[in-house]
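A.B. asks:
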Amino acid sequence: MNNDVGPSANNPEHRSTAAREDNRPLARFYRDYLAVCNAHEFTRLDQFVSDTVVINGVRGDIETYVRGLQTLVAVFTDYRWELASLVVAEPWIAARLVARGRTDHTRLEPPGAERSVETLEFAMYRIQQDCIQEFWGAARSMPAGPADSEPC
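My numbering applies: residue 10 is where the sequence shown begins, and numbers increase by one.
1. From the DSSP output, which residues share a beta bridge with T80?
2. Looking only at its chain, what residues have a beta carbon closer than 6 Å to the beta carbon of G146, apart from the 5 residues adjacent to it on each side?
3. Using 7 Å as the threshold, is the C-beta distance between V97 and R33 below it?
4. Got a sec, what are the start and stop residues for the alpha helix (DSSP H) D41 sits in?
5. Can you tell me which of F144, L78, A103 puts its alpha carbon nearest to the alpha carbon of R89?
6. Short check: CB of I141 to CB of L35, under 7 Å?
7. By the 10 Å Cβ neighbour count, where 16 or more other Cβ atoms means buried, how is V67 classified, buried or exposed?
8. Using a Cβ-Cβ cut-off of 7 Å (strictly less than) and excluding sequence neighbours within five positions of I64, which residues of its own chain qualify?
9. State the DSSP-derived secondary structure class of F131, mapped to helix, strand or coil.
10. State the Cα-Cα distance for the pair F85 and C46, rounded to the nearest angstrom.
11. Determine the extent of the beta strand (DSSP E) in which Q138 is found, giving its start and end residues.
12. Taking the beta carbon of S150 as the centre, do at least 16 other beta carbons fall within 10 Å, making it buried, or is it exposed?
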């Protein structure tokens, strides 16, 4: 009986596929997009995002898209996304990201208190005409410290 459920990072064939993926145009596009996001240079996102964009099933525009990111980094000023996994199936890109940031204030804590967040994010992007036309994303907060229990 074969217990394999899919490609594994320990599988040499999978590693070679992942390495080749970096040379694909959509993978490069996404890494460039992520670099702009991590630099918080959101005014440059017009190079990557369509003027009209579907955001989690709702038709919006680039201003709404940018405003969402600006709101996030206004609270967590050092917020950064680290790419953990990337899958390209044109015209789609799927990304698993670990995002981290700190804030020096929250509504529930006294002034001067620092709070760190770590978030696991899953995102899908539909790319057409060299622009993000559609975005679907979900995030889950993770504890900022070591895990309390052993993984399964």
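Cβ coordinates follow ideal geometry from the N, Cα and C atoms, glycine included.
None of these values were measured; they are calculated from a predicted model.
C.D. replies: The structure says:
1. Partner(s): none; T80 has no beta bridge.
2. A132
3. yes
4. That run of the alpha helix (DSSP H) goes 34-47.
5. L78
6. no
7. exposed
8. T73, Y74, F144
9. strand
10. 13 Å
11. Taken as a continuous stretch (DSSP letters only), Q138 belongs to no beta strand (DSSP E), as it is neither H nor E.
12. exposed
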